[in-house]
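J.: Chains as they are written, first to last, in the numbering used here: chain A, 191 to 301; chain B, 833 to 1051; chain C, 8 to 234. Starting off with a structure, shown below.
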Amino acid sequence: MSRSRRTTAGAWVVALGLLIAASGGVLAQAAAAAPGQDGQVAPKEPAEQYVPVKSIPQQDSLPAAPLLVVAYGFVWVALLVYVWSIWRRLMKVEHEIQALSSRIADVGPRR
Amino acid sequence: MNKAYSVLVLAAIVLFAVAPAVVAQTPLESTMGLVQKIFYYHVPSAMAMFLAALVCGVASAVYLFKGRPGADRLAAAAAELAVVFGLIVLVTGPLWARKAWGVWWQWDARLTSTLLMWMIFVACLLVRRFGGAGAEKLGAAMALFGMANVPFVYISVNIWRTLHPTTAVIPKLPGGMRGPFWFCAVSFMLLFGLLLALRVRLEERRADVEHLYLMADHE
Amino acid sequence: MTTFLRVAGLVVRKDLTVEVRSREIVYTTIFFAVSCVLVFAFALVREGRPLEDAAAGIMWISVAFAGTLALGRTFERERHSETLRALMLAPASRPALYVGKLVGIVLLLLVVEAVLVPLVGLLFHAPIGSSPFRLAALLVLGTIGFSAVGTLFAAMLVRARSRDVMLPILLYPITIPVIIAGVRGTAALFEPVPAVDLADMWMALLAFFDIVFVTLALWTFEPLMTE
Chain A
191 MSRSRRTTAG AWVVALGLLI AASGGVLAQA AAAAPGQDGQ VAPKEPAEQY
241 VPVKSIPQQD SLPAAPLLVV AYGFVWVALL VYVWSIWRRL MKVEHEIQAL
291 SSRIADVGPR R
Chain B
833 MNKAYSVLVL AAIVLFAVAP AVVAQTPLES TMGLVQKIFY YHVPSAMAMF
883 LAALVCGVAS AVYLFKGRPG ADRLAAAAAE LAVVFGLIVL VTGPLWARKA
933 WGVWWQWDAR LTSTLLMWMI FVACLLVRRF GGAGAEKLGA AMALFGMANV
983 PFVYISVNIW RTLHPTTAVI PKLPGGMRGP FWFCAVSFML LFGLLLALRV
1033 RLEERRADVE HLYLMADHE
Chain C
8 MTTFLRVAGL VVRKDLTVEV RSREIVYTTI FFAVSCVLVF AFALVREGRP
58 LEDAAAGIMW ISVAFAGTLA LGRTFERERH SETLRALMLA PASRPALYVG
108 KLVGIVLLLL VVEAVLVPLV GLLFHAPIGS SPFRLAALLV LGTIGFSAVG
158 TLFAAMLVRA RSRDVMLPIL LYPITIPVII AGVRGTAALF EPVPAVDLAD
208 MWMALLAFFD IVFVTLALWT FEPLMTE
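This is the structure in structure tokens:
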């Protein structure tokens, strides 16, 4: 992989990493600011429409914030890991191509 | 890697990074509260998964009937993306469901059919990896069946009574939720496009290696 | 059209003749299916008696497992004698060959089911006689759906590596909807008062799956089998 491409990819990974931290902060803030973190037990009917409200009555049951954070965190991590996996495989293939090209260049292709 | 590509990458990163801030502004939902905000990542991921499945299916059909190797590379890339975005859907969904429905999982029409569609594309990848020679055609056949599944998965919530929200929710999104949702949807689509391009590039380079090996072997 | 049917008929007759002479696959598949049912009957026990609600599920699972085995064995036989290549070389349309193999597999599985259904009725006290025609229709439709996909992939896998483990991997995610529909329909029929409308709905769904799967398989058989 060429130098400029490697630095671009590296910068990309670093940027994404920083942004995870930033969005984690934003989310934590939002979760703390939310007046209530609880909902009710399973609605029997499938939802036909979402209804927005200003605040939720307090009830004790599962705290929603950890679920929300884990969900968003998983999405970020999964996408990052996938990008890294593609990049790693691409590097391997590029090395192989370089090695093969130099070998052919040395010997000279004959048909 | 040209200028346009770098601009798109930057745009994707920015959109994606801004998304949580955008989501933080949205109103809370009446029955589900804070956990409903998973919706802003869960549904766009599902859209990306469907799109990946469709791309894979069409590319596979082209490969099977026209024999173009470029189509096969696109199909391989799209299958992998379908698995990745499907995994995201299948993890964020239960996290939401645990709070909203009280259970991690339900064997209803939408969840079951989505899981099965995901497994079809996992099988696609497995057969490409371990099937030996000619496995691309098998993978292509699998992808066709997987693509045939997509409309079925989509309308399953409208036909059967399930716990999962129906497709009517999206058109009827209230104002405060609509903007952020489509913002997230666009950023996911952009991300999907970029990941697909990158993954196809990997396949192309692999094809180049094969070609070089053939040239080297001719000595 | 008549050539199509004639070719398909010839393939079926060939398979039947071979099978009738050796009876190898029929006997082994029936035995495997019966063992499956017995294992479930012993494993899922409440107060010393098998779980009666499980009858529908166990029946269809056994059919699915036995079907996978039968598919593998049938095409292994073809590969061993190189007859599949001979078939491909013959001046016959590929879809007709596919339909011929499909009918053969379906007939085999129907014979297995003819043995399984009374056994399940016996072990699980399932009311198999309450709606016999609907039950038969469910079984036929479900078997066609399962076999349609199975024949396609088994034929394709004949030349592949690790074909034995690949067939279930490829087959089950696609055919599980067929199994689900079959189980739910059969369970509806096994109720104390058979839920006929529900069973009809599942039957309609099975018919829909059959049409989609057979169409897709006919469409892709030719390019898949061409080297």
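Cβ atoms here follow ideal geometry from the backbone N, Cα and C, with glycine treated the same way.
Would you report the Cα separation of leucine 886 of chain B and valine 265 of chain A, rounded to the nearest angstrom?
T.: Rounded to whole angstroms, leucine 886 of chain B to valine 265 of chain A spans 22 Å at the Cα level.
J.: What residue does the alpha helix (DSSP H) around histidine 1043 of chain B start on, and which one ends it?
T.: 1007 to 1049 is the extent of the alpha helix (DSSP H) around histidine 1043 of chain B.
J.: Mind checking who valine 841 of chain B pairs with in its DSSP beta bridge?
T.: Paired residue(s): none; valine 841 of chain B is not in a bridge.
J.: Given that tyrosine 1045 of chain B touches chain A, what residues does it touch there, using C-beta distances under 8 Å?
T.: Under the 8 Å cutoff, chain A gives Leu290.
J.: With distance defined between alpha-carbon atoms, name the residue in B:Leu1022, B:Glu1036, B:Arg1010 nearest to leucine 883 of chain B.
T.: Closest option to leucine 883 of chain B, Cα to Cα, is B:Leu1022.
J.: What residues match up with leucine 976 of chain B in a beta bridge as DSSP calls it?
T.: According to DSSP, which records beta bridges pairwise, leucine 976 of chain B is partnered with nothing at all.
J.: What three-state label does DSSP hand glycine 865 of chain B in the structure shown?
T.: Glycine 865 of chain B: strand per DSSP, three-state reduction.
J.: For the ligand NAP, any of its heavy atoms closer than 7 Å to the Cβ of lysine 1004 of chain B?
T.: For the ligand NAP, the structure offers nothing, since it holds no ligand at all.
J.: Just reading off the alpha helix (DSSP H) that aspartate 22 of chain C is part of, what are its end residues?
T.: Where aspartate 22 of chain C is concerned, the enclosing alpha helix (DSSP H) stretches over 9 to 29.
J.: Mind checking who arginine 56 of chain C pairs with in its DSSP beta bridge?
T.: BP columns for arginine 56 of chain C point to C:Arg53.
J.: Rounded to whole angstroms, what's the CA-CA distance from leucine 96 of chain C to alanine 155 of chain C? Just pull it up for me.
T.: Their Cα atoms are separated by approximately 22 Å.
J.: Counting contacts by CB-CB distance shorter than 8 Å, is methionine 1021 of chain B in contact with chain A?
T.: Not closer than 8 Å to any Cβ of chain A, the Cβ of methionine 1021 of chain B fails to qualify, so no.
J.: Between leucine 270 of chain A and chain B, is there a C-beta pair that is closer than 8 Å?
T.: So, not an interface residue.
J.: Is it the case that the Cβ atoms of serine 127 of chain C and alanine 50 of chain C are separated by a distance below 8 Å?
T.: With the sequence shown as reference, residue 127 of chain C is identified as valine, and serine is not the correct amino acid for it. Contact: no.
J.: Comparing C-alpha positions only, which one of C:Val147, C:Leu174, C:Gly64, C:Gly152 sits nearest to arginine 121 of chain C?
T.: The amino acid occupying residue 121 of chain C in the given sequence is alanine; arginine does not appear at that position. Considering only alpha carbons, the answer is C:Val147.
J.: Can you tell me the Cα-Cα spacing of arginine 942 of chain B and histidine 996 of chain B, whole angstroms?
T.: The alpha-carbon atoms of arginine 942 of chain B and histidine 996 of chain B are separated by roughly 7 Å.
J.: Taking the Cβ atom as the reference point for each residue, do leucine 107 of chain C and valine 165 of chain C lie within a distance shorter than 8 Å?
T.: The identity of residue 107 of chain C in the sequence shown is glycine, whereas the question assumes leucine. For glycine 107 of chain C and valine 165 of chain C, no; Cβs fall outside 8 Å.
J.: Can you find a CB in chain A that lies within less than 8 Å of the CB of serine 945 of chain B?
T.: Chain A, which has no Cβ nearer than 8 Å to the Cβ of serine 945 of chain B, makes this no.
J.: Return the residues of the stretch 79 to 104 of chain C that lie within a Cβ-Cβ distance of less than 9 Å from chain B, sorted by chain order.
T.: Listed by position, the residues of the stretch 79 to 104 of chain C near chain B (Cβ gap below 9 Å) amount to none.
J.: Going by C-alpha distance, which of B:Thr858, B:Leu970, B:Gly889 is nearest alanine 910 of chain B?
T.: Closest option to alanine 910 of chain B, Cα to Cα, is B:Gly889.
J.: Where valine 241 of chain A and valine 855 of chain B are concerned, what is the direct C-alpha to C-alpha distance, given to the nearest angstrom?
T.: Taking the straight line from one Cα to the other gives about 16 Å.
J.: Give the residues from the stretch 969 to 980 of chain B that approach chain C closer than 7 Å (Cβ to any Cβ), ordered along the chain.
T.: Listed by position, the residues of the stretch 969 to 980 of chain B near chain C (Cβ gap below 7 Å) are Lys969, Leu970, Ala973, Met974, Leu976, Phe977, Ala980.
J.: Go ahead and pull the three-state DSSP assignment for glutamine 997 of chain B.
T.: Position check: residue 997 of chain B holds proline in this sequence, whereas glutamine was assumed. Coil at proline 997 of chain B, not helix or strand.
J.: In terms of alpha-carbon separation, which member of C:Arg92, C:Ala194, C:Thr150 lies closest to valine 70 of chain C?
T.: Of the candidates C:Arg92, C:Ala194, C:Thr150, the one whose C-alpha sits nearest the C-alpha of valine 70 of chain C is C:Thr150.
J.: What residues of chain A sit near aspartate 1040 of chain B, judged by a beta carbon separation below 7 Å?
T.: By Cβ distance, chain A contributes Ile287.
J.: In or out: aspartate 217 of chain C buried (at least 16 other Cβ within 10 Å) or exposed?
T.: Classification for aspartate 217 of chain C: buried.
J.: In this structure, what does DSSP give as the bridge partners for proline 242 of chain A?
T.: Note: proline 242 of chain A sits in a beta bridge opposite B:Glu861.
J.: Quick one, which of C:Phe215, C:Ala73, C:Ile187 has its alpha-carbon nearest isoleucine 112 of chain C's?
T.: Of the listed residues, the one whose Cα sits closest to isoleucine 112 of chain C is C:Ala73.
J.: Would valine 982 of chain B count as contacting chain C if we go by Cβ distances under 8 Å?
T.: No, because no Cβ of chain C sits closer than 8 Å to the Cβ of valine 982 of chain B.
J.: Hey, how far is the Cα of isoleucine 32 of chain C from the Cα of valine 41 of chain C?
T.: Cα to Cα, the separation comes out at about 14 Å.
J.: Okay, do the stretch 1030 to 1042 of chain B and the stretch 281 to 292 of chain A touch, 3+ Cβ pairs below 8 Å being the bar?
T.: The stretch 1030 to 1042 of chain B, when compared against the stretch 281 to 292 of chain A, does touch it at the 8 Å Cβ threshold.
J.: Restricting to Cα atoms, I'd like to know which of B:Asp940, B:Leu1034, B:Thr946, B:Asp904 is closest to valine 923 of chain B.
T.: Checking every option, the nearest Cα to that of valine 923 of chain B belongs to B:Thr946.
J.: Compare the C-beta of methionine 951 of chain B against all C-beta atoms of chain C and say whether one is closer than 8 Å.
T.: Yes, contact with chain C.
J.: Along the stretch 165 to 180 of chain C, where does the CB come closer than 7 Å to a CB of chain B? Name the residues.
T.: Per Cβ criterion, the list reads Arg166, Ala167, Arg168, Ser169, Met173, Ile176, Leu177, Pro180.
J.: Have a look at leucine 225 of chain C and alanine 973 of chain B and give me their C-alpha separation to the nearest angstrom.
T.: Going by the C-alpha atoms only, they are around 12 Å apart.
J.: For the stretch 221 to 232 of chain C, which residues have a CB atom closer than 8 Å to at least one CB atom of chain B, in sequence order?
T.: The stretch 221 to 232 of chain C vs chain B, Cβ under 8 Å: Leu223, Thr227, Pro230, Leu231.
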